[in-house]
Every structure is written in structure tokens, then in C-alpha cells.
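What follows is one structure encoded as C-alpha cells, with my remarks underneath.
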Amino acid sequence: MIKQDRRELKRIDLDVLIRLLNILPEISPIGITSLQMKTGIKHSACIKYISFLERLGLVRLVIDGRNKYVSITDRGKETVKILTA
31 MIKQDRRELK
41 RIDLDVLIRL
51 LNILPEISPI
61 GITSLQMKTG
71 IKHSACIKYI
81 SFLERLGLVR
91 LVIDGRNKYV
101 SITDRGKETV
111 KILTA
């Protein structure tokens, strides 16, 4: 039996992904708590989606001591342009 990582998503909600990607170009870099408050996504879900987007190369997670910041990558910006076209 394969043990699932707690940070992995069981299901992907495209609306949540699009909400995260749409807001990041405007306010990147941003702390995870601030991001989840702006998007209305639960903190635990926000962490899982950020991990997923990071694996896709669309965002970068930067850890500075106890603080975690999310910034959108160039690939992420291009994806936002495609999604909003």
C-alpha cells in the first residue's frame, strides 16, 4: 500500500487553481496566510495547491526563517495569460 503525502491533493478544483493564479501576478511575492485570506481558501488547502503549482513550475515557494512566501514564475505568468485570454 502506498502512503499518500498529506500535502498532496486528492482532487483538483480548477476554480481554486485559477483563483490562485489570477491573484499572484498582482501581489507576488506574498505570504501564504495573506494569500489564503485574499482568495478565501482554507490554509491547509492553500498549502496543498501551492505545493501542486510548485511541482508544475508555476509558482516558487521561498522560505525565510518561519515565513513562507509564494511568487509566480514566468511559466506561471504565461499560464495566467492563456487562462484569461
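If you count by this note's numbering, then the sequence shown holds residues 31 to 115, one letter each, in order. Just so it is clear, CB atoms sit at the ideal spot from N, CA and C, and this is done for glycine as well. Keep in mind that this is a model prediction, so the values were computed, not measured.
Query                                                                                                                        : Result
Simplified DSSP assignment, three categories, for Lys111                                                                     : helix
Cross-strand partners of Arg49 (DSSP beta bridge)                                                                            : DSSP, once it has assigned bridges, lists no residue as partnering Arg49.
Buried or exposed by the 16-neighbour rule on C-beta atoms within 10 Å, applied to Leu83                                     : buried
Nearest candidate by alpha-carbon position, reference Leu47, set Thr103, Ile71 and Asn97                                     : Ile71
Sequence-distant residues of the same chain with beta carbon closer than 6 Å to Ser74, five excluded per side                : none
Contained alpha helix (DSSP H) runs [length at least 4] in the segment 69-115, N- to C-terminal order                        : 73-85 and 104-114
Short Cβ contact (8 Å threshold) for Thr63 with Leu50                                                                        : no
DSSP three-state assignment for Ile42, whether helix, strand or coil                                                         : coil
Chain-order list of residues whose beta-carbon lies under 7 Å from that of Lys107 (same chain, five-residue window excluded) : Pro55
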